[in-house]
Amino acid sequence: MSLRFALLSFCLLLAACDGGLNQENYSRLKPGMLRSEVEQMLGKPAECSGALGFSSCTWGDQRTFISIQFGGDKVLMFSGQGLR
């Protein structure tokens, strides 16, 4: 029984370590969301760049990622790849 509990706990811990980078959170993204709402859901981005009030931020790596384009502080558009 104890081994089963330990295994279940480990699996739940692994699922929580994705930093929010999953299909469920991707489907919650909407144009117009505030950047603070996105960061609360996904965490801090791995990379951001931008100019003139527009920015593009990426969460994840080359295989599994969510990329979001912001105008000011609001989501304009987004894309994702390799999400489960």
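Residue numbers (mature numbering (1 follows the signal peptide of the UniProt record, and there is no 0)): -15 to -1, 1 to 69.
Here a beta-carbon is modelled for each residue, glycine too, at the ideal position from N, C-alpha and C.
In this text the structure is predicted, and so the values were computed from the model without any measurement.
- At a Cβ-Cβ threshold of 7 Å, G67 and T49 count as neighbours.
- C-alpha of Q54 to C-alpha of M62: approximately 5 Å in a straight line.
- Residue state for Q8 is assigned as helix, using DSSP reduced to three classes.
- Annotation for Q47: no alpha helix (DSSP H) segment contains it, and DSSP assigns it neither H nor E.
- Looking at the backbone, the Cα of K59 and that of D46 are separated by about 23 Å.
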